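Here the structure comes first, spelled out in structure tokens, and everything after it is commentary.
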Amino acid sequence: MTKRRVTVSVPEDVAETLEQQPNASAYVAQAVRDRRRMDEFRALMADAGVQLTDQGMAEARARRLQVQAQWPQERYDAVRDRMRQHMQDEPDDASRPAA
774 MTKRRVTVSV
784 PEDVAETLEQ
794 QPNASAYVAQ
804 AVRDRRRMDE
814 FRALMADAGV
824 QLTDQGMAEA
834 RARRLQVQAQ
844 WPQERYDAVR
854 DRMRQHMQDE
864 PDDASRPAA
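Structural data, given as structure tokens:
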């Protein structure tokens with residue numbers, strides 16, 4: 774994978790977080806990928822006629838937390854770990870076949 778150096782200016786609180794990371798570049802790269810996935814998800818939902826709103830996202834988050842509170846911690850941890858692994862296993866956009 775080709776790497777490029779990019780210089781950015783960030784707010785003080787973000788700079789403090791980055792300074793605490795053992796690999797700030799990897800931290801930023803993952804944050805950008807996570808944001809890109811969310812943007813793609815929102816676009817996919819919009820194409821399907823589903824409009825995601827802040828209120829709707831907050832309600833969904835509240836429902837998820839209610840379910841999570843009812844699960845044993847081991848079950849929640851196992852599902853969370855599977856989801857994280859799945860997200861890491863997905864290929865980057867450049868390697869995905871064109872539709």
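Numbered according to our numbering, the sequence shown spans residues 774 to 872. Beta carbons: idealized from backbone N, C-alpha and C, even for Gly. Quick caveat, the model's predicted, so the values are computed rather than measured.
Straight-line Cα distance separating residue j from residue i
i           : j           : result
residue 806 : residue 823 : 23 Å
residue 862 : residue 803 : 13 Å
residue 827 : residue 836 : 14 Å
residue 795 : residue 856 : 24 Å
residue 798 : residue 777 : 11 Å
residue 830 : residue 814 : 13 Å
residue 845 : residue 858 : 20 Å
residue 791 : residue 784 : 11 Å
residue 793 : residue 808 : 21 Å
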